[in-house]
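Numbering (full-length UniProt numbering), first residue to last: 1 to 1161.
Built from N, CA and C at the ideal position, the CB exists for glycine as well.
In this text the structure is predicted, and so the values were computed from the model without any measurement.
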Amino acid sequence: MVDNRIPTETAGVFENIVIRASAGTGKTFQLSNRYLNLLVSGVDCQEILATTFTKKGAGEILDRIIQRLSKAALSAEHASRLQSELGVPLEQDRAAEVLQKLLRNLHRLEIGTLDSFFNRVARVFSLELGLPPAWDIVDEQQIEMLSRRTIHDLLRQKDVATLLPLVAKGESSRKIATLVRDVVKQMYMIRRESQPEAWDRLEEVKTFLSDDELSEVTARAEAMKFDKKNLTKTWDAKMVPMIQQESWSDLAEQTWFVNVLEGTGRYGRTILPEENIALVQALIRHCRAWITTRLIKQNRATCALLGLYGERLESIKAEMGQMRFEDVTERLVEFVAMWNTDRFAFRLDHQIRHLLLDEFQDTSPTQWNVIEPFAKAVCHSNDPLRSFFCVGDMKQAIFGWRGGVAEIFDLVERKLDGLDKAEPLSTSYRSSQVIIDFVNDVFMHLDDYQSDSEVVNRAVHGWEEWFNLHSTAKKELGGHVTVEYASDATLETKKSAGSEGLVNNERNENLKISTVERVRRLHETLPADKTIGVLVPTNKEVGQLIFMLQSAGIRASEEGGTALTDSAAVEIVLSALKLADHPGDSIARFHLSHSPLAKMFELEPETVENQSANRTAAVEGAAMLRERLVQEGYGPTIESLARTLAPSCTKRELLRLQHLVRLAYSNRSDSQRWSMRPNRFVEYVREEVKIADASSARVRVMTVHKSKGLEFDAVVLPMRYLKNGWLGHTPPLIVGRPTPTDDINIVSRYANVHHRKLLPDSLQEIFEDDQERTVRERMCNFYVAVTRAVHSLHIVCSYGHKPHGKTEAGVLLALLCPELIEKGEGRKKDKVVRKEGLLYERGDANWFQAESGDAAKTDEGIDSAVVKQYYSQNLTNNLYRPLSRAAKSMRGMARVRPSMLEGGNRVRLSETLTSPDREMALEFGELMHCCFEQIRWLDEGESISDGELRKLLKEKSPGSGQIEAAIKRFRELLQFDNLKNLLSSSSVKEQYVIPDLDATEASGSANRIEVHTEKRLAVLMDQLDHVDSDSGSLIEGTVDRLVLVYEDGQIVAAEIIDFKVDHIDDSNLTGRIEFYRPQLTAYRAAVEKMLGLAADRIATRLVFVQSGQVIQVDSLDHSVDNSTDLKLPRKKKLKPPKAATKRPKKEASEVQQTFWSDDVE
């Protein structure tokens, strides 16, 4: 039997290849090229597994494939271009054929993350893997709840009490539950990846001094005298007390002790006497045994505690049928090695013949162990119908904290036979020549960097081996690069007691000020269409900079998500809940007494004199709040608190309160769990809730990790100073592996730099390896950050940074600013001469003028009076507010759901808020849609029974209290004459002048009517009203009811029917019709293009189920019997039969009318 899926002449095209692609060189383009090549060559799409690291990346791959194919199918020019890019023959008709086949099989595509693929494999092998029935993947918030329950159970066990002192290293500053939670959060994943034996590899050192020997050493130490009195004084003050108190941990950190340990035999410039050296060496042997033994006990105790935690957690997860992605991956590791991949194909219902791996540098060894058998099956079969494609960049390996290992590239090349190594991709299609020259100047000369740490030097110099000379295809772009120092600390701060920490803090605050100033200058100077990215290390810094930028009048968006508690208003609400949980909480009471909520609790601003009265008032206020929480729920109660705070809030504070109110309404089951213990809700908000202010602001602030895959016209990179730089990183654990991709063979708790010197050499090497990994990953972060820039890059360094310091800034200053180092003469050391302000500059600060000229309009070029008038008008409009309705976009193409277009460019603010009434309305709408979905034609056969309908609705919305009301209303509506006409085939037939119309399902008649309920659409549009996109729009949505009319086998007319649950009367009917018109227009345009119909042959109708009205929005102009009322919109409310009853109208929530409407953009 001949396999003819791939033509013979193309069989050799798909070599097995690994590509190392630098930033901006088109990794996604290369992978989509391979995917499209396979499709054009006839490969079945489900035989191609394409994976990447994130869901966002997977979506981008799919969008890129569909977009490129769509353009080729619509244009001969684009087809020719795609043919050139793929290197295979491709005509426009062939592109359309491939696209059509692909779109028909979207549900069969294997494009996603590795985790999602593993999840699918696990689901078809659940029994063999020992997974619980009906298991599901939990999210991070759910696993946090499970973890809290596990810790609660764990602390009841007697064994745990004996482990905690060892795990805590003797510290007692934290609560026990907090201690265990921190240990679990930081170390549990390592415990899962390792065997217990790995935690017990450290051998005991038996060099303890006996009690008698210790007494003798102590006596000798007390009697020790030196020729120099200052030396004796230092010995007696620093060394003797620690020996007497047996403070061996502190003794090991003393300079005297360290100098003897390292063999210098000096203290300062004084050579120590032999007697003293011998005494200290005896103490070194004892300290080595003591520190090693303590570390062994800590390792064993930590392993035991994590083991107990893991056993209990797994038991709870099994009871609840819940799994994490990591659970699935671990269970698959051994399983896939035992099975032939052909057996997987049988269960998956398809073969994996082509493997495409993107962002491979972020793959973990465990993930590779699962995917390896599939890779070997592809590479080792010598089958021309199989292929392997892997692309990534070790320089962008920034997710080591998630288990990613950059060196996995080398492992793949060793383990897979027959791989072709492509030339590294190093030509950027993103950045200007100025940016690329800067990148080369820094990363091509890392050998010139020399810090005072050999570990750091090895890591930095080794990183250079991953780098190759970059070039750019965008040579015509202008660019600008600057490096500057922020302001130094003041002289007053430098002279204060304990000044080092204060000086560094002030320098870092000055760094933020300089960063905001740099952004301000860019914001004023650059054209309004240019984007500015501010990239920082942590989410905490995101929130701080956002606040400072907005205080400076610069609109900025948060991208990474920040804690909801970075708001004073939110903290006040949380204090109220804490007081409700524990009326004796004096901190919460004090906070509330000085807040706008004080009157609600009848509190006076607390002082020593009125504490007693405030305590009494707090108890009564807490009882009142608890009663409201139980009776009304968290949503209404927190909404009421927020409304009280609103007049005192800024716009940003109001936005934070809005998020809090929405969260309180969001989950009814959570609300029930929180009701008796409000502090659980407080902990949930503090630890789990992250929000991002979605906005179209041109200034975007985010972490470097969030910026991966993005680009900005200008990038601002603030570099904060930390005292010990890279070596200040103190992980809770260090792990050892024979090679970076092997299993863990040793685990140890962290030891500081002084204690580390007393440990075995093998363990010291592991500590150094961990530090090298940290340095390499930070260099990767730096590389990712600077390569996000298209035109300009502006690096702002804290004044604490020095050339050759152990930081990214230290590398940068050493290589680009040698003038900062003043060479010392003779024995004098080199001196660093710093100066505030600009240190380095390359390119043209006015690069944008050459690109866009004077025609580019800046924000500041707009008349301020016009801006003021615009905002004044909108702030006084109580009904509508201008909200950003930006469609989701991938590489220029907008993805639009027609429901996004409700209201056009304006939207009723109440539509965006979560409230009990709105939640109930949305649920009721879903139930009514489900009811109408069951009707094909009322006059054909028996309708669905109430029992069947009730069963369907319970599956649709489990636990809903509106099912009976929905069924009742549905039966009432079916008695309305206009609804009967709408849903009866006989009435529809009468509207058309087509003879012998047949409404029988699947009749195949040339003249017939077809009806489709919940019809999904996905159509590419060049232009769409209310959507701003230069590259077209992809309309995706579902039509509630679509009626198609055929004449002579061709579709000649269509009707789009959309059901709405709004409360409608004569006063708001016209407004609601216009509100929904853009949505129906989008549906009409999509059906027009999909079916090839003229717009005037497509009718659209709105059905308001609460009032029973049927409104014609767009009418038919052809093939319609004008004697009917089809073309005339009914503007008068039709009276229902007497048996029908009206639902009482509810007033809009007061908070929607007064709190959110005027104050929130």
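message: Here's the rule: buried if 16 or more other CB atoms are within 10 angstroms of the residue's CB, otherwise exposed. What is Lys512?
response: Sequence index remark: in the sequence shown, residue 512 carries index 512 (1-based). Buried, by the Cβ-count rule.
query: Is the segment 155-167 touching the segment 198-216 in the sense that three or more CB pairs, one from each, lie closer than 8 Å?
result: no
task: Could you have a look at Phe970 and say whether DSSP puts it in helix, strand or coil?
output: Counting from 1 along the sequence shown, the entry for residue 970 is found at position 970. Three-state result, Phe970: helix.
query: Hey, quick one: how far does the alpha helix (DSSP H) through Ile1111 stretch, first residue to last?
result: Counted from its first residue, the sequence shown places residue 1111 at position 1111. Element bounds for Ile1111: not the alpha helix (DSSP H) but the beta strand (DSSP E), Gln1109 to Asp1114.
Where the beta strand (DSSP E) containing Ile111 begins and where it ends: If you number the sequence shown from 1, residue 111 lands on position 111. From DSSP, the beta strand (DSSP E) with Ile111 extends over Glu110 to Thr113.
- request: Would you be able to state if there are at least three C-beta pairs under 8 Å between the segment 136-152 and the segment 177-189?
  value: yes
query: Given Phe14, which residues of its chain have a CB within under 6 Å of its CB, disregarding the five upstream and five downstream residues?
result: In the sequence shown, residue 14 corresponds to position 14, counting from 1. Hits under 6 Å: Ser387.
query: Where does Arg312 sit, in a helix, a strand or coil, going by DSSP?
result: The residue you call residue 312 lines up with position 312 of the sequence shown. The answer is helix: DSSP assigns Arg312 an H, G or I state.
- request: Would you decide whether Lys71 is buried or exposed? Buried here means 16 or more other CB atoms lie within 10 Å of its CB.
  value: Here residue 71 refers to the residue found at position 71 when the sequence shown is read from its first residue. By the neighbour-count rule (16 or more Cβ atoms within 10 Å), Lys71 is buried.
- prompt: Going by alpha carbons, who is nearest to Val833 out of Thr270, Ala598, Asp488 and Ser707?
  reply: For the purposes of this step, residue 833 is taken as residue 833 along the sequence shown, with counting starting at 1. Closest by alpha carbon: Asp488.
- prompt: Taking only runs of the beta strand (DSSP E) that begin and end inside the segment 345-424, which ones reach a length of at least 3 residues, in chain order?
  reply: 354-357 and 387-392
- request: Would you grab the beta carbon distance between Asp761 and Ile734 for me? Rounded to a whole angstrom, and I think it's under 8 Å.
  value: For the purposes of this step, residue 761 is identified with residue 761 of the sequence shown, where counting begins at 1. For the purposes of this step, residue 734 is identified with residue 734 of the sequence shown, where counting begins at 1. Not confirmed; about 15 Å, so no contact.
message: Report the start-end ranges of each beta strand (DSSP E) in the segment 279-331 that is 3 residues or longer and not cut off at the edges.
response: none
field: Limits of the unbroken beta strand (DSSP E) element including Gly843
entry: Counting from one through the sequence shown, the residue named residue 843 turns up at place 843. Start and end: Gly837 to Gly843.
query: So Val1052 and Val1045 are in contact, right, with Cβ under 8 Å, and what is the actual spacing, rounded?
result: In the sequence shown, counting from the first residue as 1, residue 1052 sits at position 1052. In the sequence shown, counting from the first residue as 1, residue 1045 sits at position 1045. About 6 Å; that satisfies the 8 Å criterion.
- request: Would you check if the distance between the CB atom of residue 1170 and the CB atom of Val405 is smaller than 8 Å?
  value: Examination of residue 1170 is not possible in this model, given that the chain is present from 1 through 1161 alone.
- request: Measure from the alpha carbon of Ala789 to the alpha carbon of each residue in Arg430, Ser798, Met323 and Ile143, then state which is nearest.
  value: Against the sequence shown, residue 789 aligns to sequence position 789. Measuring from the Cα of Ala789, the nearest candidate turns out to be Arg430.
message: Quick test of your reading: residue 1162 and Leu838, contact by CB under 8 Å. State the CB separation rounded to the nearest angstrom.
response: Any property of residue 1162 remains undetermined from this structure, which presents the chain solely from 1 to 1161.
query: Which word fits Gly1108, buried or exposed, when buried means at least 16 other C-beta atoms lie within 10 angstroms of its C-beta?
result: Counting from 1 along the sequence shown, the entry for residue 1108 is found at position 1108. With 16 or more Cβ atoms within 10 Å of its Cβ, Gly1108 is classed as buried.
message: Between the segment 425-442 and the segment 812-820, can you find at least three pairs of beta-carbon atoms closer than 8 Å?
response: yes
Cα-Cα separation between Ile48 and Asp115, rounded to whole angstroms: As a working mapping, residue 48 is identified with position 48 in the sequence shown. As a working mapping, residue 115 is identified with position 115 in the sequence shown. Each residue's Cα considered, the two are about 16 Å apart.
field: Spatial neighbours of Asp998 in its chain, beta-carbon cut-off 8 Å, leaving aside the 5 residues before and after
entry: Here residue 998 corresponds to residue number 998 of the sequence shown, with the count starting at 1. Closer than 8 Å at the Cβ level, and outside the excluded window around Asp998, lie Ser1005, Asn1007, Arg1008 and Ile1009.
query: What separation, rounded to the nearest whole angstrom, lies between the Cα atoms of Val988 and Val1043?
result: The residue given as residue 988 occupies position 988 in the sequence shown. The residue given as residue 1043 occupies position 1043 in the sequence shown. Cα to Cα, the separation comes out at about 9 Å.
message: Let's test the definition: count the other Cβ atoms within 10 Å of the Cβ of Thr178 and tell me whether it reaches 16, buried, or not, exposed.
response: For the purposes of this step, residue 178 is taken as the residue at position 178 of the sequence shown. Burial call: exposed.
message: Classify Pro803: buried if its beta carbon has 16 or more other beta carbons within 10 angstroms, exposed otherwise.
response: Your numbering for residue 803 matches position 803 in the sequence shown. Buried, by the Cβ-count rule.
message: Please report the distance separating the alpha-carbon of Ile151 from that of Phe325.
response: By one-based count along the sequence shown, residue 151 stands at place 151. By one-based count along the sequence shown, residue 325 stands at place 325. Near 21 Å, if we compare the C-alpha coordinates of Phe325 and Ile151.
query: Where do the N-terminal and C-terminal ends of the alpha helix (DSSP H) with Lys101 fall, by residue?
result: In the sequence shown, residue 101 corresponds to position 101, counting from 1. Unbroken alpha helix (DSSP H) run through Lys101: Gln92 to Arg104.
- request: Could you round the C-beta distance between Val40 and Cys390 to whole angstroms and report it? I think they count as a contact, below 8 Å.
  value: Translated into the one-based positions of the sequence shown, residue 40 becomes position 40. Translated into the one-based positions of the sequence shown, residue 390 becomes position 390. Actually they do not touch by this definition, with Cβ atoms about 21 Å apart.
message: If I measure Cβ to Cβ from His1118 and keep anything under 6 Å in the same chain, skipping five residues before and after, which residues do I get?
response: In the sequence shown, the residue the question calls residue 1118 occupies position 1118. Because the pLDDT at His1118 is just 39, under 50, the model does not fix this residue reliably, and the point stays unresolved.
- prompt: In chain order, what residues of the same chain have a beta carbon less than 7 Å from the beta carbon of Ala569, not counting five sequence neighbours either side?
  reply: By 1-based counting over the sequence shown, the position of residue 569 is 569. Here the set comprises Leu645, Cys649, Glu653, Arg656 and Leu657.
message: Asp713 and Lys530 - do their beta-carbons sit closer together than 8 Å?
response: Locating residue 530 in the sequence shown gives position 530, counting from the first residue. Locating residue 713 in the sequence shown gives position 713, counting from the first residue. Yes, the Cβ-Cβ distance between Lys530 and Asp713 is below 8 Å.
query: When the distance is taken between beta carbons, is Leu597 closer than 8 Å to Ala617?
result: Taking the first residue of the sequence shown as 1, we reach residue 617 at position 617. Taking the first residue of the sequence shown as 1, we reach residue 597 at position 597. No. Outside cutoff.
message: Ala486 and Ser798 - do their beta-carbons sit closer together than 8 Å?
response: Here residue 798 refers to the residue found at position 798 of the sequence shown. Here residue 486 refers to the residue found at position 486 of the sequence shown. Yes.
Helix, strand or coil at Cys649 [DSSP, three-state]: Indexing the sequence shown from 1 puts residue 649 at position 649. Three-state DSSP puts Cys649 in coil, outside helix and strand.
query: Any contact of the segment 327-340 with the segment 356-371, i.e. 3+ C-beta pairs under 8 Å?
result: yes
- request: From the DSSP output, read off the bridge partner residues of Lys1060.
  value: In the sequence shown, the residue the question calls residue 1060 occupies position 1060. Lys1060 pairs with Phe1104.
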